[in-house]
Structures are given as C-alpha cells and as structure tokens.
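K.L.:
Numbering (my numbering), first residue to last: 7 to 240.
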C-alpha cells in the first residue's frame with residue numbers, strides 16, 4: 007500500500023528542545039553544589055524525573071516540580087526559599103524561550119504537503135506543546151495534531167485508527183528511536199530516524215536497529231526525497 011500519512015515528531019525534530027533542558031540542569035546543579043557534587047545532583051534529578059513521569063508526564067512543568075522535590079530532598083528540607091524561587095524562575099525561563107526551528111524543516115513540510123497528509127505526533131505537556139506549535143508558525147502545514155502523554159504501540163494504534171489508515175500507510179519521522187521509530191515499526195509502519203546531537207538518557211537505545219522499514223537520514227532536508235523513494239517501492 008502507498009504511504010498516505012507522514013507524521014513528524016516535534017521536539018528536536020522540528021525545533022530545538024533538549025539543549026534547553028541541559029542548560030536548565032546545569033543552572034540547577036550550580037544552585038545546589040554546596041550540598042552535593044554537581045554530577046551527583048544531576049543523577050538525583052534524573053531519578054526524581056523518572057519516578058514522577060507517571061504523575062506529571064513529560065514537559066517543563068513536571069521538570070520544574072522534580073527540580074524542587076530534588077532540592078528539598080538533598081538539602082534535608084533546609085533549602086532557602088530564595089533558592090526555590092530561583093528554581094521556579096529556571097522553569098519559567100524555559101517556558102518563555104522562543105521556538106528555534108531546525109534548518110530545513112519548513113521546506114520539507116511545504117514539499118510534502120499536497121502529496122501526503124501531514125501530521126504532528128509529539129509527546130509532552132498539552133499547553134506547552136500547543137504554545138510551541140503556535141510560536142513556530144508551522145500549524146498551517148498539519149492536517150492533524152496529536153499531543154500524546156506516551157508514545158507506545160497502543161498510542162500509535164489509536165492515532166492510526168483515528169486517521170482511518172492501515173499501519174503500512176503510516177510513516178513516522180523523529181529523533182528518538184525509542185519513542186518515534188520502534189513502536190511504529192512494531193505496528194507495521196515505516197520509520198525515519200533523524201538523530202539530534204543531544205538525546206535525553208530516558209530516550210536512548212543502545213542496540214542498532216535493523217529493519218526493512220527502518221531508514222535514517224542525517225538531516226531533515228534529506229527526508230523528502232527518501233519518503234518519495236519509499237513510497238515508490240512500498
């Protein structure tokens with residue numbers, strides 16, 4: 007069956023995201039270095055984030071709450087309120103960041119539009135992702151926007167049913183093998199991996215992916231030609 011729907015991840019596929027979290031982590035660790043070495047603070051923060059995913063999901067607000075919780079724990083609840091205030095400000099600054107599109111994004115979306123239904127399928131906080139999409143100016147390119155709390159096989163099944171297509175008619179592009187590519191391959195769809203120079207530890211996959219419907223490009227600008235080639239051969 008020919009490919010009908012092209013789905014794009016958003017964070018670190020369409021626009022810059024992860025570097026802002028790394029920058030925030032460094033600011034956070036420097037605030038708390040009187041209590042513990044910075045590398046240990048980073049580990050404690052990551053542990054808190056993972057434990058809190060089931061409560062807060064993904065996104066900056068949950069990250070901010072995890073920073074506060076970590077700060078209170080490692081200081082034995084002796085953290086000055088002025089430091090807590092600075093932690094909140096770190097999160098607010100992240101929410102106020104301008105959206106920085108990755109090179110070639112708009113050109114690819116324009117190129118593919120008309121030949122395929124274009125979808126954004128992203129994971130994260132609803133309000134934050136809607137804000138970034140609006141700031142990006144890309145909303146006009148998408149037939150459908152899906153903001154997911156998780157990207158599991160069952161979540162993609164739900165999306166594909168909503169789009170009224172077969173898995174073999176669905177192609178997903180993204181920077182995360184774990185969230186964007188592997189679940190789609192398992193369903194019977196196509197995946198194009200576009201690596202980003204920074205990947206959150208929680209999203210990293212150690213093994214190499216070998217699959218007849220798996221493809222990789224170094225830059226999103228290479229995706230249009232590849233998609234048409236896949237469509238011809240599928």
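Here a beta-carbon is modelled for each residue, glycine too, at the ideal position from N, C-alpha and C.
When you compare each of 86, 50, 88, 91 to residue 72 by their alpha carbons, which one comes out closest?
P.N.:
For the purposes of this step, residue 72 is identified with residue 66 of the chain shown, where counting begins at 1. Nearest option by C-alpha distance: 50.
K.L.:
For residue 152 and residue 101, I'd like the C-alpha separation in whole angstroms.
P.N.:
By 1-based counting over the chain shown, the position of residue 152 is 146. By 1-based counting over the chain shown, the position of residue 101 is 95. Approximately 20 angstroms, taken between the alpha carbons.
K.L.:
Compare the beta carbon distance of residue 176 and residue 11 with 8 angstroms and say whether it is the shorter of the two.
P.N.:
One-based indexing of the chain shown puts residue 176 at position 170. One-based indexing of the chain shown puts residue 11 at position 5. Yes, these two residues count as a Cβ contact at 8 angstroms.
K.L.:
Please classify residue 36 as buried or exposed, where buried requires at least 16 neighbouring CB atoms within 10 angstroms.
P.N.:
Residue mapping note: residue 36 aligns to position 30 of the chain shown, counting from 1. Residue 36 comes out exposed.
K.L.:
Measuring CA to CA, which of 227, 13, 113, 44 is closest to residue 28?
P.N.:
For the purposes of this step, residue 28 is taken as the residue at position 22 of the chain shown. Of the listed residues, the one whose Cα sits closest to residue 28 is 44.
K.L.:
State whether the stretch 107-117 contacts the stretch 64-83, with contact taken as three or more CB pairs (one from each stretch) at a distance under 8 angstroms.
P.N.:
Output reads no: the stretch 64-83 does not touch the stretch 107-117.
K.L.:
The alpha helix (DSSP H) that contains residue 85, what's its start and end?
P.N.:
Translated into the one-based positions of the chain shown, residue 85 becomes position 79. Where residue 85 is concerned, there is no enclosing alpha helix (DSSP H), given that its DSSP letter is neither H nor E.
K.L.:
List the residues that DSSP assigns as beta-bridge partners of residue 179.
P.N.:
Within the chain shown, residue 179 is the residue found at index 173, counting from 1. Bridge partners of residue 179: 14, 198.
K.L.:
Kindly provide the ranges of any alpha helix (DSSP H) runs that are 4 or more residues long and lie completely inside the stretch 98-160, ordered along the chain.
P.N.:
Runs found: 111-118, 132-142.
K.L.:
How is the alpha helix (DSSP H) around residue 184 delimited, first residue to last?
P.N.:
Residue 184 sits at position 178 when you count from the first residue of the chain shown. Counting along the chain, residue 184 falls outside any alpha helix (DSSP H), and DSSP gives it neither H nor E.
K.L.:
Among 15, 34, 118, 54, which has the Cα closest to the Cα of residue 234?
P.N.:
Taking the first residue of the chain shown as 1, we reach residue 234 at position 228. Cα-wise, what sits closest to residue 234 is 118.
K.L.:
Taking residue 41 as part of the alpha helix (DSSP H), name the residues at either end of that continuous run.
P.N.:
Here residue 41 corresponds to residue number 35 of the chain shown, with the count starting at 1. Careful: residue 41 lies outside any alpha helix (DSSP H) and carries neither H nor E.
K.L.:
Nearest to residue 243 by CA position, among 90, 122, 134, 77, is which residue?
P.N.:
The chain is shown only over 7 to 240; residue 243 falls outside these bounds and no answer can be derived.
K.L.:
Decide if the stretch 142-149 is in contact with the stretch 159-167; the criterion is three or more beta carbon pairs, one per stretch, under 8 angstroms apart.
P.N.:
Verdict: no, contact absent.
K.L.:
Output the distance between the C-alpha atoms of residue 78 and residue 84, rounded to the nearest integer angstrom.
P.N.:
Reading the chain shown from its first residue, position 72 is the one you call residue 78. Reading the chain shown from its first residue, position 78 is the one you call residue 84. Cα to Cα, residue 78 sits roughly 7 angstroms from residue 84.
K.L.:
Say whether the stretch 182-200 touches the stretch 7-27, bearing in mind that this needs 3 or more beta-carbon pairs closer than 8 angstroms, one atom from each stretch.
P.N.:
Flag = yes, the stretch 182-200 and the stretch 7-27 touch.
K.L.:
When DSSP builds the beta bridges, which residues end up paired with residue 222?
P.N.:
Within the chain shown, numbered from 1, the residue matching residue 222 stands at position 216. According to DSSP, residue 222 bridges with 199.
K.L.:
Report yes if the C-beta distance between residue 114 and residue 9 is below 8 angstroms; otherwise report no.
P.N.:
Start at 1 with the first residue of the chain shown, and residue 114 comes out as number 108. Start at 1 with the first residue of the chain shown, and residue 9 comes out as number 3. Cβ atoms of residue 114 and residue 9: not closer than 8 angstroms.
K.L.:
In whole angstroms, what is the alpha-carbon distance linking residue 130 and residue 56?
P.N.:
As a working note, residue 130 is residue 124 in the chain shown. As a working note, residue 56 is residue 50 in the chain shown. So the alpha carbons of these two residues sit roughly 14 angstroms apart.
K.L.:
Taking just the CA atoms, how far does residue 136 sit from residue 148?
P.N.:
For the purposes of this step, residue 148 is taken as the residue at position 142 of the chain shown. For the purposes of this step, residue 136 is taken as the residue at position 130 of the chain shown. Approximately 13 angstroms, taken between the alpha carbons.
K.L.:
Tell me whether the beta-carbon of residue 24 lies closer than 8 angstroms to the beta-carbon of residue 204.
P.N.:
Residue mapping note: residue 24 aligns to position 18 of the chain shown, counting from 1. Residue mapping note: residue 204 aligns to position 198 of the chain shown, counting from 1. Closer than 8 angstroms, so yes.
K.L.:
For residue 123, does the count of other Cβ atoms within 10 angstroms reach 16, so buried, or fall short, so exposed?
P.N.:
Position 117 of the chain shown, counting from 1, holds the residue named residue 123. Label assigned to residue 123: buried.
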